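Visitor: Residue numbers (full-length UniProt numbering): 12 to 458. Quick one: this structure, given as structure tokens, is what I'll be asking you about.
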Amino acid sequence: EPSDETSLGLRFPKGFVWGAATSAYQIEGAAGIDGRGPSVWDTFCATPGKVRNGQTGDVAVDHYHRWSDDLDLIKQLGMSSYRFSVSWSRVLPDGVGPVNQRGLDFYRRLLAGLHERGISPMVTLYHWDTPQALHEEGGWENRDTAYRFADYAALIAAELGDSVPVWLTLNEPKTVVQNGYLTGVHAPGHKDPAAAYVVAHHQLLAHGLAVQAMRPHLPAGSRIGPALNLHPCYPADNSEGAQEQTILYDGYENRLYLDPIFRASYPADVMADVARFSPMASYIQTDDLKIIGSPVDLLAVQYYTPIYVTADGSTIFKHPTSQAFWQQIYPQGMYDILTRVKRDYGNIPLTITENGLPTPDALGGDGMVDDPGRIAFFRDHFAAAHRAISDGVNLESYHVWSLLDNFEWQEGYDERWGLIYVDYASQRRIPKRSARWYSGVISANCV
Ligand code: GBH
12 EPSDETSLGL
22 RFPKGFVWGA
32 ATSAYQIEGA
42 AGIDGRGPSV
52 WDTFCATPGK
62 VRNGQTGDVA
72 VDHYHRWSDD
82 LDLIKQLGMS
92 SYRFSVSWSR
102 VLPDGVGPVN
112 QRGLDFYRRL
122 LAGLHERGIS
132 PMVTLYHWDT
142 PQALHEEGGW
152 ENRDTAYRFA
162 DYAALIAAEL
172 GDSVPVWLTL
182 NEPKTVVQNG
192 YLTGVHAPGH
202 KDPAAAYVVA
212 HHQLLAHGLA
222 VQAMRPHLPA
232 GSRIGPALNL
242 HPCYPADNSE
252 GAQEQTILYD
262 GYENRLYLDP
272 IFRASYPADV
282 MADVARFSPM
292 ASYIQTDDLK
302 IIGSPVDLLA
312 VQYYTPIYVT
322 ADGSTIFKHP
332 TSQAFWQQIY
342 PQGMYDILTR
352 VKRDYGNIPL
362 TITENGLPTP
372 DALGGDGMVD
382 DPGRIAFFRD
392 HFAAAHRAIS
402 DGVNLESYHV
412 WSLLDNFEWQ
422 EGYDERWGLI
432 YVDYASQRRI
442 PKRSARWYSG
452 VISANCV
């Protein structure tokens, strides 16, 4: 039901795919159920002071038990693709070793349910929930974890490969580096710049090893790619210092991940800077970059916010912010990052796997959840994506973050990012006004 004020008359290419995204720890709950092993996020949430109000993903939105109703909602809204992640420790409770059949069966049921409803799955292998047992062996600081990830990836490809056309290896390695190991606001909560960039290398290596390990198990036509959160970086003013600092900032935010994957090389400026505080370079072995640069079939882009960099390398805000203190609302950034990827890395197929906005949603007296801010946000970001397509960007699908309100990491349940409202007391799902609006966009293939 796009109304005149929310409709721009921009038609998307025929066959453009619309969907929504989630991740295992944020929605599944059932933390100790059916043999799931603990992950670093279970440990982190159980540590006092780490997550707002001491909240955890133990129950989350109970998707592990309510998946069938949730798939019905995806279907009713008219989406043709659903991106979710597999919990590594649900399938391999210790990250290695014997398979937990009941865990694997959950994903088989989910994939069969999607198939029955004609919804195409896009599966992320890792969305930050490192098995606790592997973490205790050194986790991402230990090169061995990259090989264990590739083993897990091969297993999943062999077991589920027939029913998944698109695979994403790691979700946002940068966030694990920055939030998990630099600022410590995410699991495992380390504040260790030296370790952080060793972790970056091992995650990138894990990506490349997984691409290689999965191929032989997948049917022809299956596609694999990384999911990177990219940040367009702009100088805060026109001083020379700000311009220079912006280039380096862009290196840390974007090129450190894009260059090794798409050019099989690390950016020299970032490596020189990293060498001041991290032994990362000494962890790079012969052939690692060849492995990391293994050909991929698509790039999954996640865009939330731009970054403005000053001459002293700090950042400032120039646009309205959202309920997430780090997010500035800037649709043009979507256009800028998509066209930049094309310009610098070639015309690889792109999918948007996350883009979204938290709003302070509440159930109204009329039983509706009115979220005009989210509608305006998506309208403007869809329009920016549309313009990028018109300018030749090979964008084939758009997954909004998120399908449902869910466990927003260190913010607990305070931030609602869903198209579908969840009453956490009853677990009742109520599609927000934005969900109905999105449904209209999908059926018209037009924003
Ligand atoms: C995505 O990450 C995630 O993939 C998804 O799971 C999440 O729910 C969604 O965004 C909404 O946040 O974290 O305090 O250091 C976005 C990751 C979040 C990384 C903000 C940088 C900077 C502020 N970004 N973070 S903080």
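Each residue gets a CB set at the ideal place from its N, CA and C atoms; glycine is no exception. Just so you know, these numbers come straight off a predicted model, no measurement behind them.
Taking the C-alpha atoms as reference points, what is the distance between Arg-440 and Tyr-432?
Guide: Residue 440 sits at position 429 when you count from the first residue of the sequence shown. Residue 432 sits at position 421 when you count from the first residue of the sequence shown. Their Cα atoms are separated by approximately 6 Å.
Visitor: With a 10 Å radius around its C-beta and 16 neighbouring C-beta atoms as the bar for buried, classify His-126 as buried or exposed.
Guide: Here residue 126 corresponds to residue number 115 of the sequence shown, with the count starting at 1. Looking at its Cβ environment, which holds fewer than 16 other Cβ atoms inside 10 Å, His-126 is exposed.
Visitor: Does the ligand GBH have even one heavy atom less than 8 Å from the beta-carbon of Ser-98?
Guide: Start at 1 with the first residue of the sequence shown, and residue 98 comes out as number 87. Ser-98 Cβ: outside cutoff for every heavy atom of the ligand GBH.
Visitor: Look at the alpha carbon of Thr-58 and the alpha carbon of Gly-149, and state the distance between them as a whole number of angstroms.
Guide: Position 47 of the sequence shown, counted from the start, is the residue given in the question as residue 58. Position 138 of the sequence shown, counted from the start, is the residue given in the question as residue 149. One C-alpha to the other measures close to 19 Å.
Visitor: Note down, in chain order, each residue of its chain lying with its Cβ closer than 8 Å to the Cβ of Val-281, except the 5 sequence neighbours on either side.
Guide: Locating residue 281 in the sequence shown gives position 270, where the first residue counts as 1. Only Leu-259, Gly-262, Tyr-263, Arg-266 and Leu-267 meet the Cβ criterion.
Visitor: Using the DSSP secondary-structure output, state which residues sit across from Pro-243 in a beta bridge.
Guide: Along the sequence shown, one-based indexing puts residue 243 at 232. Per DSSP, none; premise fails for Pro-243.
Visitor: In its own chain, which residues sit with a C-beta less than 7 Å from the C-beta of His-146, not counting the 5 before and 5 after it?
Guide: For the purposes of this step, residue 146 is identified with residue 135 of the sequence shown, where counting begins at 1. The residues are Val-51 and Pro-199.
Visitor: In this structure, how does DSSP classify Gln-313 when only helix, strand and coil are distinguished?
Guide: The sequence position of residue 313 within the sequence shown is 302, counting from 1. Strand, per DSSP.
Visitor: With Phe-95 as the anchor, note down where its beta strand (DSSP E) starts and where it stops.
Guide: Within the sequence shown, residue 95 is the residue found at index 84, counting from 1. Looking at the DSSP string, the run of the beta strand (DSSP E) that includes Phe-95 is 92 to 96.
Visitor: Please state if the CB of Pro-331 and the CB of Arg-234 are separated by a distance shorter than 9 Å.
Guide: Here the question's residue 234 lines up with position 223 in the sequence shown. Here the question's residue 331 lines up with position 320 in the sequence shown. For Arg-234 and Pro-331, no; Cβs fall outside 9 Å.
Visitor: Please tell me whether, using a cut-off of 8 Å, the distance from the CB of Gln-214 to the nearest non-hydrogen atom of the ligand GBH is below it.
Guide: Along the sequence shown, one-based indexing puts residue 214 at 203. No; taking the cut-off as 8 Å, the Cβ of Gln-214 has no heavy atom of the ligand GBH nearer than that.
Visitor: Pull up the distance between the alpha-carbon of Gly-30 and that of Met-90, whole angstroms please.
Guide: In the sequence shown, counting from the first residue as 1, residue 30 sits at position 19. In the sequence shown, counting from the first residue as 1, residue 90 sits at position 79. Spanning the two alpha carbons is a distance of roughly 5 Å.
Visitor: First and last residue of the beta strand (DSSP E) that includes Asp-261?
Guide: For the purposes of this step, residue 261 is identified with residue 250 of the sequence shown, where counting begins at 1. It is not in any beta strand (DSSP E) - Asp-261 instead sits in the alpha helix (DSSP H) that spans 251 to 261.
Visitor: Could you check how far apart the C-beta atoms of Ala-32 and Thr-350 are, in whole angstroms? I think they sit under 8 Å.
Guide: The residue labelled residue 32 in the question sits at position 21 within the sequence shown. The residue labelled residue 350 in the question sits at position 339 within the sequence shown. The Cβ separation is near 22 Å, so there is no contact.
Visitor: So, is the C-beta of Val-188 closer than 9 Å to a C-beta in chain B?
Guide: No chain B appears in this structure, which consists of one protein chain only.
Visitor: At the level of alpha carbons, what is the spacing between Leu-374 and Gly-367?
Guide: Along the sequence shown, read from residue 1 onward, the residue named residue 374 stands at position 363. Along the sequence shown, read from residue 1 onward, the residue named residue 367 stands at position 356. Cα to Cα, the separation comes out at about 20 Å.
Visitor: The beta strand (DSSP E) that contains Ala-31, what's its start and end?
Guide: Residue mapping note: residue 31 aligns to position 20 of the sequence shown, counting from 1. Segment 28 to 32, the beta strand (DSSP E) holding Ala-31.
Visitor: Could you tell me the alpha carbon to alpha carbon distance between Leu-179 and His-397, rounded to whole angstroms?
Guide: One-based indexing of the sequence shown puts residue 179 at position 168. One-based indexing of the sequence shown puts residue 397 at position 386. One C-alpha to the other measures close to 23 Å.
Visitor: Only counting the same chain, and skipping five residues up and downstream in sequence, which positions put a Cβ closer than 6 Å to that of Phe-95?
Guide: Position 84 of the sequence shown, counted from the first residue, corresponds to residue 95. For Phe-95, where only same-chain residues beyond five positions count, the Cβ hits under 6 Å are Thr-33.
Visitor: Looking only at DSSP bridge pairs, what is Asn-182 linked to?
Guide: What you label residue 182 is simply residue 171 of the sequence shown in a count that begins at 1. BP columns for Asn-182 point to Ala-238.
Visitor: For the alpha helix (DSSP H) that contains Ile-441, what are its first and last residues?
Guide: As a working mapping, residue 441 is identified with position 430 in the sequence shown. Note, Ile-441: premise wrong, no alpha helix (DSSP H); beta strand (DSSP E) at 439 to 442.
Visitor: Which residue's Cα is closest to the Cα of Pro-369: Asp-416, Thr-54, Pro-278 and Ala-42?
Guide: Residue mapping note: residue 369 aligns to position 358 of the sequence shown, counting from 1. Residue Asp-416 is the option with its Cα nearest to Pro-369.
Visitor: Could you name the residues that DSSP lists as bridge partners for Thr-362?
Guide: Within the sequence shown, numbered from 1, the residue matching residue 362 stands at position 351. According to DSSP, Thr-362 bridges with Ala-311 and Ser-408.
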